[in-house]
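Participant: First the structure, then my questions, so here it is.
Residue numbers (our numbering): 1 to 91.
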């Protein structure tokens, strides 16, 4: 697994967006090649990838509002997957 700097700032790639789907009753990720129905954790994580927060800030903010701490390592795995799929870019 690629481990990015905790100071890197993730943002959704061009043409990618997260929105609410009334039929699925869930957030979905729309990208040029398709769509993915997101689970609540993935939805919250990707919404925090707004180009303003560092990975460290995202981990802190994500876990501060959850009773069960997913842990930074698991969030890094999720971010790594999103980068590999081209859904987010790091700067």
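Cβ atoms here follow ideal geometry from the backbone N, Cα and C, with glycine treated the same way.
Going residue by residue through the stretch 28-58, where are the continuous alpha helix (DSSP H) segments of at least 4 residues, counting only ones entirely within it?
Facilitator: Counting whole runs of 4 or more residues, the stretch 28-58 contains the alpha helix (DSSP H) stretches 40-48.
Participant: Using C-beta distances below 6 Å, list every residue in its chain close to residue 59, excluding the 5 sequence neighbours before and after it, in chain order.
Facilitator: Same-chain partners within the cutoff: 72 and 75.
Participant: Please name the residue in 89, 90, 56 and 85 whose C-alpha comes closest to that of residue 34.
Facilitator: Ranking 89, 90, 56 and 85 by Cα distance to residue 34 puts 85 first.
Participant: Would you give the residue range spanned by the alpha helix (DSSP H) that residue 73 belongs to?
Facilitator: Per DSSP, residue 73 belongs to the alpha helix (DSSP H) from 72-84.
Participant: When the Cα of residue 20 is compared with those of 4, 47 and 54, which residue comes out closest?
Facilitator: Closest by alpha carbon: 47.
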